[in-house]
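Using the working numbering, the first residue of the sequence shown is number 2, and each one after it goes up by one.
We put the beta carbon where it would ideally sit given N, CA and C, even for glycine.
Worksheet for the structure shown next.
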Amino acid sequence: MKAIFDDIGAISLPSALYTTLLDMEATYVSCHRKLHASDGPHPESFPHSVYQLHPLLYALGTNPSKPAREAIASLVGVCTSCKRQLESFKVTIMYVQGREQQCLHCEEYQRANSYYKTSNATTAYNRALRDVLGTCPHRTCRHPLPVDDLYRMHILDETIQCSRCSNNILYETYQIATFIQEYPTIEYKEDMRENGKLKARIAMPKMIPADGLWTSYTSEMQKVLQDAAPGISVEGMVRLREHVHSKRLSISAHPPGAFTLDLVQGMYRQLNFVHKVCTHFDYWMDPAILAAAIRRYEQFVHLIGNSERVVAVPTVDIDLVWHTHQTHPQSYYSYSTAVARRMLDHDDTVGSGDLLNGYLQTCTAWSKLYKTPYSSYVPATTSVEAMRKAGALVATGAGRFYGVDEVVSAADVPMLASLGVTGDVMVSVVGTPVFETRLVGSALATLLDASGANGKTHKSNGVGCVEKGCAEGNVDFMLDIGFV
């Protein structure tokens, strides 16, 4: 983490940062299978660490389509549509018996080879994002895109226009191109299950709409289905429409590129956390602080297991340990399953409003379970009295979390002194909420602000971390300090 802070902090231009992250992702595409096979941390690969910070997406992207029978019991099944964990018995049925199983959350049917990027061990999608997104996706064009336009579309979520064909290009336009590639035709069967009798093959629209939108392409699909309606019963048309919707969802639920996560966008989000930790790096490397952070992380996981309705929001100390544990996938799966009864997913795409509400819930649940305060932080939207009335203990006075919601002299922080920071500043400490935005600046923070990517939503993405999903280990993993 510190190496990334130093290296990225030396970059001065947003365009150079974007190019650097694209290059990192491209390098990872060429070696990710080797790193997955080792099942452990690889701090030398920032994209790999970021990928591991999303356990269910990582499991979905790395599960083999044809595992050895003895390996099936250790697989984490994930729905390709809603990205929720599947029950272990369904995973066994999918892989051993080859039968479809229905996800209880989204009701989509899943097979062992449902995820199109790894189906039947294909490597067709093992392409870097700079190559996938670097050309116009409209099939009669394929004109190279300037990196500035690519950045605006990819990171700033803007609509760009191809200088050659004049068609619009959005992030979702590349998903439409993938759908056309994967499903040139849709099969209609009397029974839409896999073993149903084939009645017809219906050609899907071959051209991406000029506006590049899923809504427009979906309208074209509806026209095609309407044209096919005379030969299909009313009941059959309902089943066919559901089938087409499932096929579309199997593509639109995933980003372009080689992985289940857009790692370039993911690295941008993670750099925000890197900044929060590394501006107070010496503090976080103190053994006593690490021991306290590990203990609070253990309590946090236990809290989730005992409070399933709580949207658990970590503080920086808990999140640091959480991140580190996730770089040990098997250890993390075993621990979270034993303590919280499921694989705990980690979502860094939650908006600040939801994080604030979740933080208040966490304070109350923590106080009731452990009879101690979760933090000293009191959001501006509430008060100590209101939090206490809701059941939360709030640390104040001599018992407060020192440094939370407080300024310190930069001269007293070695890392900041080395960066030339002066005056009174706020730094991350044990108890600092992950959504705190008033922390001291750095060259990295300035770069992220200048890039427009700091806190960028990317549709549903946001700026914080929270437990996501409805997840007997020894937490000595933090001793492997390589990640940090």
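The beta-carbon separation of residue 62 and residue 328, rounded to 15 Å, does not stay under the 8 Å limit for a contact.
A straight-line Cα-Cα distance of about 12 Å links residue 301 and residue 368.
Separation of residue 321 and residue 190 (C-alpha to C-alpha, rounded to the nearest whole angstrom) is 51 Å. Contact check for residue 316 against residue 434 passes: the beta carbons are separated by less than 8 Å.
Rounded to whole angstroms, residue 168 and residue 442 show a C-alpha spacing of 40 Å. For residue 289 and residue 401, the gap between their C-alpha atoms comes out near 17 Å. Remark: C-beta atoms of residue 277 and residue 429 approach each other more closely than 8 Å. Bounds of the alpha helix (DSSP H) holding residue 224 are 215-229. Contact between residue 130 and residue 23 holds, since their C-beta atoms are separated by about 6 Å, short of 8 Å.
When rounded, the separation of the alpha-carbon atoms in residue 238 and residue 230 is 7 Å. Judged by DSSP in its simplified three-state form, residue 206 adopts coil rather than helix or strand.
Within the model, the alpha-carbon separation for residue 359 versus residue 310 is close to 10 Å.
Going by DSSP, residue 243 is part of the alpha helix (DSSP H) stretching over 235-253. DSSP, reduced to helix, strand and coil, places residue 92 within a helical segment of the structure shown. Between residue 270 and residue 455, the alpha-carbon positions lie close to 7 Å from each other. If you look at residue 347, you'll find it in the beta strand (DSSP E) that goes 346-351. Under DSSP, the beta-bridge partners assigned to residue 434 are 316. Where residue 187 is concerned, there is no enclosing alpha helix (DSSP H), although the beta strand (DSSP E) around it starts and stops at 186-190. If you look at residue 47, you'll find it in the alpha helix (DSSP H) that goes 47-53. The criterion of a C-beta distance shorter than 8 Å is satisfied by residue 177 and residue 209. DSSP lists 190 as the beta-bridge partner residues of residue 199. Taking the Cα of residue 232 as reference, the smallest distance to any Cα among 222, 252, 203 is reached at 203. Taking 8 Å as the cut-off, the Cβ atoms of residue 29 and residue 304 do not count as close. The DSSP assignment places no complete run of the beta strand (DSSP E) inside the stretch 127-177 (cut-off: 3 residues). By the neighbour-count definition (other C-beta atoms within 10 Å, threshold 16), residue 57 is a buried residue.
If you look at residue 19, you'll find it in the alpha helix (DSSP H) that goes 15-39.
The three-state reading of DSSP puts residue 110 in strand, counting E and B together.
A Cβ-Cβ separation of about 15 Å leaves residue 55 out of contact with residue 36 under the 8 Å criterion. Excluding five sequence positions before and after residue 212, the CB atoms of its chain that fall closer than 7 Å to its own CB belong to 169, given in chain order. Distance check between residue 218 and each of 235, 246, 240 places 246 closest, using alpha-carbon atoms only. Under the three-state reduction of DSSP output, residue 406 falls in the coil class, being neither helix nor strand. By the criterion of a C-beta distance shorter than 7 Å, residue 426 is surrounded in its chain by 408, 409, 411, 417, 441, once the five residues flanking it on both sides are discounted. Residue environment analysis places residue 32 among the exposed positions, since fewer than 16 neighbouring C-beta atoms fall within 10 angstroms of its C-beta. Taking the C-beta atoms as reference points, residue 6 is found nearer than 8 Å to residue 275. Excluding five sequence positions before and after residue 179, the CB atoms of its chain that fall closer than 6 Å to its own CB belong to 252, given in chain order. In the same chain as residue 84, and ignoring 5 residues on each side of it, the C-beta atoms closer than 6 Å to its own belong to 57, in chain order.
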